[in-house]
Amino acid sequence: MSVTNIPIIARAKTLILDFFFPKNPLAEIIENLPLHVFMAKTQRDLSGRAIFSYRDPIVNCAVRELKYRGNRKIASLLAATLFEEIASQEDETSPFLGGKKPLLIPVPISKKRRRQRGFNQCELLLSSMPPEYANFFETGLNLLIKPKETKTQTGSVTREKRLTNLHGAFEVASPGKVAGRRIIVVDDVTTTGATFEEARRALRRAGARDIKFIAVAH
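Taking full-length UniProt numbering, I'd label the letters of the sequence shown as residues 1 to 218.
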């Protein structure tokens, strides 16, 4: 299947979803919210694992629109919040590690899941970043991959079960492109941190020097 066909397939699936499962009216409101209003109306996550609380109705709706419908308007809104959060955590006075910008890598999905959904929501987030993003960061697509199909994490309640489920799920396709680099792994939702631990394990094996993690919601 050609990569250029994926957006068409994703849009077709969205139309089918809209027919059988009408869009949440809240989603249309969120699509038109200015960034500062969205930030003011949403509950922050207090655990330090993510930006927002997934229990917040606005956040929950926004993430579901991103994940299951590939909503580009909401993707741009969430991407803007990600950019502001990451930029605020970076020390602007410090030089780039090895003269290179931090590399943002999306949490990968398996080929089977991509065929079913038509897109990777974390890749959509990074492709929706504001223009100034490129001045400070780079995006590393297809560097961290998921060749192993795993059970859905939804039913894995404990951290131990999630870690077992994900063990060996991720690989680095081009180790030379991450070796010595400063990496920020991006996810839409985090629960126990098991995904990040497995991603970090794979990136460390490939020689990444510094690895951080950020998620939209927890």
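Glycine included, each C-beta is placed from N, C-alpha and C at the ideal position.
Taking the alpha carbon of residue i as the reference point, which residue from the options has its own alpha carbon closest?
i	options	result
L78	I105, T139 and A62	A62
D210	V178, A217, T190 and V216	V178
E149	G207, P25, S88 and F170	F170
Y54	T195, R181, V37 and T190	T190
T164	L141, R113 and T195	T195
G70	R204, E132 and R117	R117
A50	E132, G168, E90 and I86	I86
R72	R204, I16, E123 and S88	E123
G48	L166, Q89 and G180	Q89
Quick check on residue i: does DSSP put it in helix, strand or coil?
i	result
R182	strand
L141	coil
F213	strand
Please state whether the Cβ-Cβ distance between residue i and residue j is less than 8 Å.
i	j	result
L143	V186	no
F52	A217	yes
P57	L35	no
V59	A199	no
L66	D188	yes
S110	K151	no
I183	A208	yes
I30	I74	yes
P175	A206	yes
T81	M39	yes
Excluding the 5 residues preceding and the 5 following residue i in the sequence, name in chain order all residues of the same chain whose CB lies nearer than 7 Å to its CB.
i	result
K101	F136, F137 and E138
T192	R159 and R162
A12	none
N24	C61
R114	N120
Which residues in the same chain as residue i place their Cβ atom closer than 8 Å to its Cβ, once the five residues preceding and following it in sequence are excluded?
i	result
A202	L144, F170, E171 and V172
Skipping 5 residues on each side, what residues in its chain have a beta carbon closer than 6 Å to that of residue i?
i	result
T42	F52, D56, I58 and V59
K212	I184
What beta strand (DSSP E) runs, 3 residues minimum, are completely inside the stretch 24-112? 103-106
What are the start and end residues of each continuous alpha helix (DSSP H) run of 4 or more residues lying completely inside the stretch 148-177, in chain order? 159-166
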